[in-house]
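Visitor:
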Amino acid sequence: MIFAQTPKTLKTLEKYGFPKDKELIAGIINGRQVWRANLRDKLKLIDELSKIAPNLSISNSSPLFHLPINVELETKIDKDLKDRLSFAKQKLEELKTLKNAFLGDKESLKEVEASAKLFEGSFGKNQSVIDRT
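Yeah, the sequence shown ends on 134 if you go by the working numbering, and it's all consecutive.
#1: Under 8 Å, Cβ to Cβ, is there at least one residue of chain B near I78?
#2: Less than 8 Å between the beta carbons of R33 and S63, yes or no?
#3: Just how far apart, CA to CA, sit L104 and I29?
#4: Do you know offhand how far K23's Cα is from E75's?
#5: Flag this pair as yes or no: are the beta carbons of L99 and N56 separated by less than 8 Å?
#6: Between D106, E112, K43, which has its C-alpha nearest T7's C-alpha?
#7: In the structure shown, what three-state DSSP assignment does N39 receive?
#8: From which residue to which residue does the beta strand (DSSP E) around N61 run?
#9: Considering just the uninterrupted stretch of the alpha helix (DSSP H) at S110, what are its terminal residues?
#10: Return the residue from the list D81, I78, L82, E73 that minimises the CA-CA distance to E94.
#11: Could you give the DSSP three-state label for L93: helix, strand or coil?
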């Protein structure tokens, strides 16, 4: 089920529940765009989903094959903008961080909080680009 772009999906699950004998594969990382996720918000979503569907797996919401592979290879992008980008490799890292944070890993929890700080302020000259997505 896709949760990355569709907040109604969670409300539907809360209303109708999910079969306890089934696995819910939740697409929580947006695979359709290049922006980093707010991992704090995603971790809260995972927590809510785990209460509805104890047999939970997290995933990207769509294939990643159309994304660039690795933002680390980009050398001519403004650092503030680069920090906000998430290509295929970084999206998989976001999923790993979320899984580990949900399981209580302290380093992953720090990464979650660090990612949330990116969303607390403006991105300067790049804000208009981000606002259009």
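Here a beta-carbon is modelled for each residue, glycine too, at the ideal position from N, C-alpha and C.
Guide: Straight from the coordinates:
#1: No chain B appears in the structure shown, which is made up of a single protein chain.
#2: Here residue 33 corresponds to residue number 32 of the sequence shown, with the count starting at 1. Here residue 63 corresponds to residue number 62 of the sequence shown, with the count starting at 1. Yes, the Cβ-Cβ distance between R33 and S63 is below 8 Å.
#3: The residue you call residue 104 lines up with position 103 of the sequence shown. The residue you call residue 29 lines up with position 28 of the sequence shown. In this model, L104 and I29 are separated by some 17 Å (Cα to Cα).
#4: Against the sequence shown, residue 23 aligns to sequence position 22. Against the sequence shown, residue 75 aligns to sequence position 74. Rounded to the nearest angstrom, the two C-alpha atoms are 41 Å apart.
#5: Position 98 of the sequence shown, counting from 1, holds the residue named residue 99. Position 55 of the sequence shown, counting from 1, holds the residue named residue 56. For L99 and N56, no; Cβs fall outside 8 Å.
#6: Here residue 7 refers to the residue found at position 6 when the sequence shown is read from its first residue. If you compare the alpha carbons of D106, E112, K43 with that of T7, the shortest gap goes to K43.
#7: Here residue 39 refers to the residue found at position 38 of the sequence shown. DSSP places N39 in coil when its eight states are reduced to three.
#8: Here residue 61 corresponds to residue number 60 of the sequence shown, with the count starting at 1. From DSSP, the beta strand (DSSP E) with N61 extends over 57-61.
#9: The sequence position of residue 110 within the sequence shown is 109, counting from 1. A small correction: the amino acid at residue 110 is Leu; Ser does not occupy that position in the sequence shown. Counting along the chain, the alpha helix (DSSP H) containing L110 begins and ends at 107-118.
#10: Start at 1 with the first residue of the sequence shown, and residue 94 comes out as number 93. The residue among D81, I78, L82, E73 with its C-alpha nearest the C-alpha of E94 is E73.
#11: Counting from 1 along the sequence shown, the entry for residue 93 is found at position 92. Residue state, collapsed to three classes: helix.
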